[in-house]
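All remarks here apply to the structure that follows.
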C-alpha cells in the first residue's frame with residue numbers, strides 16, 4: 350500500500366524532459382569592473398566573450414594564467430589548477446527537466462535558499478542559483494582524505510565563494 | 002555456384018539465429034530490483050516509485066557487458082558489508098540494486114532521507130583493475146579532468162561524472178568533443194592517494210525547473226541505466 354501511494358505521488362509530479370534556456374536577471378553594470386576586464390588574461394577574455402550569462406571567478410584567481418576554459422553560449426566551466434588540487438567553476442543557463450506539479454522532495458529542494466558546502470566522494474562541492482541561472486563550485490584534491498581544503502568548507506566558502514567576482518558575460 | 006550461395010545463406014541464417022538466441026539468453030539472465038529498492042535494506046531509504054527516465058537513449062557507460070550495478074559500501078568486503086573479499090563472486094552477479102540514495106553523510110534533496118549517494122556504483126564483468134573501458138554516454142564535451150574524476154557535458158546540457166578511472170588510461174582531454182560510445186578511460190580503484198574498490202561511480206547532474214525556479218541536482222540514474230544496459234545486451238547500445 351505504501352509503495353502504491355509512493356508510486357501515485359511520483360506519477361503526479363509530472364516531470365517533463367523539456368529543456369530550455371533560463372532567463373538571466375543581469376546585475377547592474379559596474380564601470381570599475383568593466384575597466385578591470387581589460388587586464389584579464391587573454392585566454393579568459395577570449396573564451397568567455399560569447400557566454401550569455403554572468404561569468405564569475407574568485408578574485409584571487411582571475412589573473413591566474415594557468416586555467417582551462419570550456420565555453421558555450423549558455424555554459425562555461427573554468428578549471429583552476431591549485432597546488433595538489435583543482436577548482437572547477439561552472440555556470441549554466443540551461444535546464445533539462447521541468448516539473449509542473451512538484452512532489453514534496455522538489456518543493457523542499459526549491460524552498461531551501463541556504464548554500465550547502467558538502468564533502469561528497471572526497472570532493473567539496475556547492476551549487477547555487479544567482480541571477481536566475483545555476484553555478485557549481487567543486488574542489489578536488491589529490492589527497493582527499495588528508496587535505497583540509499577538501500575536508501572543511503572554509504577554503505571553498507571563504508577563499509572561493511565569498512570572493513566571487515563578475516568577470517564578464519554577454520548581455 | 003548455386004550450392005555455394007545456398008550454403009552461405011543457410012550459414013548466415015544459422016549465425017543470425019545463434020546470435021539472436023545469445024541476445025535472448027543475455028536478456029533473460031539480466032535481472033534487477035525496482036528503482037529505489039536498496040539492498041541490504043539497512044543501507045538507506047531509496048526513492049521508491051520514481052521510474053522516470055531522466056536520460057533517455059544514453060549509452061551504457063561501460064563498454065562491454067556484463068556489468069553489475071550494486072553497492073560497494075554494503076557489498077561483500079565493503080565497509081559495512083558482509084566479511085569477505087571485494088572480489089567475491091556475490092558482488093559480480095545479478096540482480097542489480099539501485100544505490101543512488103544509499104546512506105551517505107552529504108545532502109541529497111531528492112532522497113527521502115535528505116541524504117544519499119549522488120550517483121550509482123557499477124562493477125565491471127570481473128574484479129580486474131584497468132581492464133574495462135568507460136565510454137561517453139552522450140555526444141558532448143569533456144569539461145573537467147581531476148585526479149580521479151572526469152566530467153562530460155552532453156549536448157542535452159546534462160553533466161555526467163565518471164569517478165575512479167585510471168588517470169594514465171584516459172583517452173580524452175579537457176575541451177575535447179566526444180561522440181556517444183567513445184572511450185573515456187579504464188575503470189579502476191583510483192581516489193587520489195587513497196584507494197577504493199574497483200568500480201565506476203557514475204552520477205548525473207541536471208537542472209530542474211519547478212514553477213519558474215531552477216536548481217541543479219544529482220538526478221536518479223538507475224532507470225535510465227537499466228534501459229541503456231538492455232540496449233547494450235541487445236547489441237544496439
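Protein chains in written order, with the working numbering: chain A, 350 to 520; chain B, 2 to 238.
For glycine and all other residues, C-beta sits at the position ideal for the given N, C-alpha and C.
It should be emphasised that the depicted structure is a prediction, and the values quoted were computed from it without experimental measurement.
Self-check item: Endpoints, beta strand (DSSP E) assigned at residue 381 of chain A
Solution: Counting along the chain, residue 381 of chain A falls outside any beta strand (DSSP E), though it belongs to the alpha helix (DSSP H) covering 380-386.
Quiz item: According to DSSP, what are the bridge partners of residue 160 of chain B?
Solution: According to DSSP, residue 160 of chain B bridges with B:154, B:206.
Quiz item: Measuring CB to CB, does residue 172 of chain B end up less than 8 Å from residue 158 of chain B?
Solution: Not a contact, by the Cβ cut-off of 8 Å.
Quiz item: Candidates A:381, A:380, A:463, A:411: which alpha carbon is nearest residue 394 of chain A's?
Solution: Here the closest residue by C-alpha is A:411.
Self-check item: Inter-stretch contact (C-beta, 8 Å, three-pair minimum) for the stretch 210-220 of chain B and the stretch 107-124 of chain B
Solution: Enough Cβ pairs lie closer than 8 Å, so yes.
Quiz item: Do the CB positions of residue 425 of chain A and residue 448 of chain A come within less than 8 Å of each other?
Solution: Taking 8 Å as the Cβ cut-off, residue 425 of chain A and residue 448 of chain A do not qualify as a contacting pair.
Self-check item: Residues within the stretch 181-196 of chain B neighbouring chain A, beta-carbon criterion of under 8 Å
Solution: 192, 193, 194, 195
Quiz item: Taking DSSP as the reference, what is the three-state secondary structure of residue 396 of chain A?
Solution: helix
Quiz item: DSSP three-state call for residue 149 of chain B: helix, strand or coil?
Solution: coil
Quiz item: What is the rounded straight-line gap between the Cα of residue 440 of chain A and the Cα of residue 160 of chain B?
Solution: Cα-Cα distance, rounded: 12 Å.
Quiz item: At which residues does the alpha helix (DSSP H) containing residue 228 of chain B begin and terminate?
Solution: 223-234
Quiz item: Going by alpha carbons, who is nearest to residue 478 of chain A out of A:495, A:470, A:464?
Solution: A:464
Exercise. Give the secondary structure of residue 511 of chain A by DSSP, where H, G and I count as helix, E and B as strand, and everything else as coil.
Key: Correct three-state label for residue 511 of chain A: helix.
Exercise. Spell out whether any CB of chain B is found under 8 Å from the CB atom of residue 466 of chain A.
Key: Residue 466 of chain A does not count as touching chain B.
Quiz prompt | Where the beta strand (DSSP E) containing residue 184 of chain B begins and where it ends | solution = 184-187
Quiz prompt | chain B residues whose Cβ lies nearer than 8 Å to that of residue 368 of chain A | solution = 157, 158
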